[in-house]
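Numbering (the numbering used here), first residue to last: 171 to 490. Here is the structure we will look at.
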């Protein structure tokens, strides 16, 4: 623990020196408190944000440093923040992470990221009002639709689903909104449908369903094609009856979520972070149901993203 605090303090001092030219008024370099930890989350009503907020609280308490969650557009932005060191940790969907390490669009080149753990699976939501006549993706033609925030994992998934369904983006009236704005727009009648990829239940969607009856569009017809086209990272899943007030179960698509860090992150720090992630799993899950899915045996399966050496050290020392 002392080693971890020393590393974080050194990082803070480096930042101070960089911004002061190495000294202040010709005097000695200023002392630095431990650098605060930033966890790149997502929209404030999504699971990434709530998970990140709980995790940041646990890290702050146990490492004795400042820690906070950042509101972001989601996976793609989070990967960029982690790669540049603006965030120590970030949440991402596996498909976006695979594109990042391979340097595929929307990324300009491979990003130096490593995984900490496989966390839980996202379920894709295509949300419409309960009274809507939209029953399949093709019915979205001519409708007001949000594919998710620009730079989000939801946007990546939405585009892949529409392509598999033979729906061109030009056939939709697009409004690129994040989860918070999408929920508000559907509630107010300014959207006919929105895409979202998140844990079950997603707090904001549950709140929407409590205020306005909703349905989820079934994705069974396109799941196999999307999975084949993108390396098998996707699988079929079911949103059970009762979730969001649904009368019947809905077949949808699932994608794993990872917690990632930079390849340059300190090994001791990441080993400590990984330990806290597991040791405080139950406490985090009290406020974030998806956190209960964290499993020591499955957590290491983050291909094609390599495990960070610090995370690997944790798993070797604490074999489940």
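Ideal Cβ positions, reconstructed from N, Cα and C, are used throughout, including at glycine.
**Item:** Delimiting residues of the beta strand (DSSP E) encompassing residue 262
**Value:** Here residue 262 corresponds to residue number 92 of the chain shown, with the count starting at 1. Element bounds for residue 262: 259-263.
**Item:** Of the listed residues 286, 310, 442, nearest to residue 234 (C-alpha basis)
**Value:** Here residue 234 corresponds to residue number 64 of the chain shown, with the count starting at 1. Out of 286, 310, 442, 442 has the C-alpha closest to the C-alpha of residue 234.
**Prompt:** Got a sec? Which residues, its chain only, sit under 6 Å from residue 460 by beta carbon, not counting five neighbours each side?
**Reply:** Within the chain shown, the letter at position 290 stands for residue 460. Only 217, 290, 369 meet the Cβ criterion.
**Message:** Suppose contacts are defined by Cβ-Cβ distances below 8 Å. Is residue 169 in contact with residue 387 by that definition?
**Reply:** In this structure the chain extends from 171 to 490, so residue 169 is not present and cannot be described.
**Request:** Would you mind reading off the limits of the alpha helix (DSSP H) that contains residue 465?
**Result:** The count along the chain shown starts at 1 and reaches residue 465 at position 295. Residue 465 -> no alpha helix (DSSP H), and no H or E assigned at all.
**Distance between residue 438 and residue 297 (C-alpha atoms, nearest Å)** = Residue 297 sits at position 127 when you count from the first residue of the chain shown. Residue 438 sits at position 268 when you count from the first residue of the chain shown. Distance between the alpha carbons of residue 297 and residue 438: 43 Å.
**Where residue 347 sits in the DSSP three-state scheme** = To locate residue 347, count along the chain shown from 1; it is residue 177. Reduced to three states, the DSSP call for residue 347 is coil.
**Option in 247, 334, 339, 359 with minimal Cα separation from residue 301** = On the chain shown, position 131 is the one that residue 301 refers to. Selected option, being the one with the closest Cα: 359.
**Request:** Would you tell me roughly how many angstroms separate the C-alpha atoms of residue 407 and residue 420, rounded to the nearest one?
**Result:** As a first step, residue 407 is located in the chain shown; it is residue number 237 there, counting from the start. As a first step, residue 420 is located in the chain shown; it is residue number 250 there, counting from the start. Whole-angstrom Cα-Cα distance: 9 Å.
**Message:** Within a Cβ cutoff of 6 Å, which residues of the same chain sit near residue 411, ignoring the five residues on either side of it in sequence?
**Reply:** For the purposes of this step, residue 411 is taken as the residue at position 241 of the chain shown. Answer for residue 411: 418, 419, listed in chain order.
**Asked** Roughly how many angstroms lie between the CA atoms of residue 448 and residue 312, to the nearest whole one?
**Response** What you label residue 448 is simply residue 278 of the chain shown in a count that begins at 1. What you label residue 312 is simply residue 142 of the chain shown in a count that begins at 1. Those two C-alpha atoms are separated by around 46 Å.
**Request:** Leaving out five residues on either side along the sequence, give the residues of the same chain with a beta carbon under 6 Å from the beta carbon of residue 317.
**Result:** Taking the first residue of the chain shown as 1, we reach residue 317 at position 147. Only 325, 328, 365 meet the Cβ criterion.
**Prompt:** DSSP on residue 448, reduced to helix/strand/coil?
**Reply:** Working through the chain shown from its first residue, we reach residue 448 at position 278. Here residue 448 sits in helix by DSSP.
**Request:** Could you tell me which of 350, 456, 440 sits nearest to residue 286, measuring between CA atoms?
**Result:** Counting from one through the chain shown, the residue named residue 286 turns up at place 116. Minimum Cα distance to residue 286 is reached at 440.
**Request:** Look at the Cβ atom of residue 277, then the Cβ atom of residue 210, and state whether they are nearer than 8 Å.
**Result:** Position 107 of the chain shown, counted from the start, is the residue given in the question as residue 277. Position 40 of the chain shown, counted from the start, is the residue given in the question as residue 210. Cβ atoms of residue 277 and residue 210: not closer than 8 Å.
**Request:** Can you grab the Cα-Cα spacing for the pair residue 435 / residue 347, in whole Å?
**Result:** For the purposes of this step, residue 435 is identified with residue 265 of the chain shown, where counting begins at 1. For the purposes of this step, residue 347 is identified with residue 177 of the chain shown, where counting begins at 1. Their Cα atoms are separated by approximately 32 Å.
**Prompt:** In whole angstroms, what separates the C-alpha of residue 294 from that of residue 335?
**Reply:** In the chain shown, residue 294 corresponds to position 124, counting from 1. In the chain shown, residue 335 corresponds to position 165, counting from 1. Taking the straight line from one Cα to the other gives about 15 Å.
**Residue span of the alpha helix (DSSP H) that contains residue 249, given as start and end** = Here residue 249 refers to the residue found at position 79 when the chain shown is read from its first residue. Start and end: 245-253.
**Prompt:** Between 487, 270, 458, 488, which lies nearest to residue 374 when the distance is taken from Cα to Cα?
**Reply:** Numbered from 1 along the chain shown, position 204 holds the residue referred to as residue 374. Comparing Cα positions, the closest option is 458.
**Simplified DSSP state of residue 291, which is helix, strand or coil** = Translated into positions along the chain shown, residue 291 becomes position 121. The answer is strand: DSSP assigns residue 291 an E or B state.
**Request:** Put residue 323 into one of helix, strand or coil per three-state DSSP.
**Result:** Here residue 323 is taken as the residue at index 153 of the chain shown, counted from 1. Note: residue 323 maps to helix in three-state DSSP.
**Item:** Residues near residue 485 by beta carbon distance below 8 Å, same chain, minus five either side
**Value:** Against the chain shown, residue 485 aligns to sequence position 315. Contacts found: 444, 466, 469, 470, 477.
**Asked** Run through DSSP, which three-state label would residue 209 get?
**Response** For the purposes of this step, residue 209 is taken as residue 39 along the chain shown, with counting starting at 1. Strand.
**Request:** Would you please state the rounded distance, in angstroms, between the beta carbons of residue 430 and residue 267? I believe it to be under 8 Å.
**Result:** Start at 1 with the first residue of the chain shown, and residue 430 comes out as number 260. Start at 1 with the first residue of the chain shown, and residue 267 comes out as number 97. Correct: roughly 6 Å between the Cβ atoms.
**Prompt:** Taking all protein chains shown into account, do 16 or more other C-beta atoms lie within 10 angstroms of the C-beta of residue 422, making it buried, or fewer, making it exposed?
**Reply:** Taking the chain shown and counting its residues from 1, one reaches residue 422 at position 252. So residue 422 counts as buried.
**Request:** For residue 226, count neighbouring C-beta atoms within 10 Å of its own C-beta (all shown protein chains included) and say buried if the count is 16 or more, exposed if not.
**Result:** For the purposes of this step, residue 226 is identified with residue 56 of the chain shown, where counting begins at 1. Buried, because 16 or more other Cβ atoms sit within 10 Å of the Cβ of residue 226.
**Item:** C-beta atoms of residue 492 and residue 413 nearer than 8 Å
**Value:** There is no way to answer for residue 492, as the model of the chain reaches only from 171 to 490.
**Environment of residue 224 [buried if 16+ CB atoms lie within 10 Å]** = Looking up residue 224 in the chain shown gives position 54. With 16 or more Cβ atoms within 10 Å of its Cβ, residue 224 is classed as buried.
**Prompt:** From 345, 310, 355, 409, pick the residue whose C-alpha is nearest to that of residue 523; which is it?
**Reply:** The chain is shown only over 171 to 490; residue 523 falls outside these bounds and no answer can be derived.
**Prompt:** What does a CB cutoff of less than 7 Å around residue 292 pick up in its chain, not counting 5 residues either side in sequence?
**Reply:** By 1-based counting over the chain shown, the position of residue 292 is 122. Cβ within range, chain order: 263, 367, 368, 369, 424, 425, 427.
**Asked** Along the chain, where does the alpha helix (DSSP H) that runs through residue 421 open and close?
**Response** Taking the chain shown and counting its residues from 1, one reaches residue 421 at position 251. Segment 420-432 is the beta strand (DSSP E) holding residue 421; no alpha helix (DSSP H) there.
**Message:** I need the DSSP call for residue 491, collapsed to helix, strand or coil.
**Reply:** The chain is shown from 171 up to 490; residue 491 falls before or after that span and cannot be answered.
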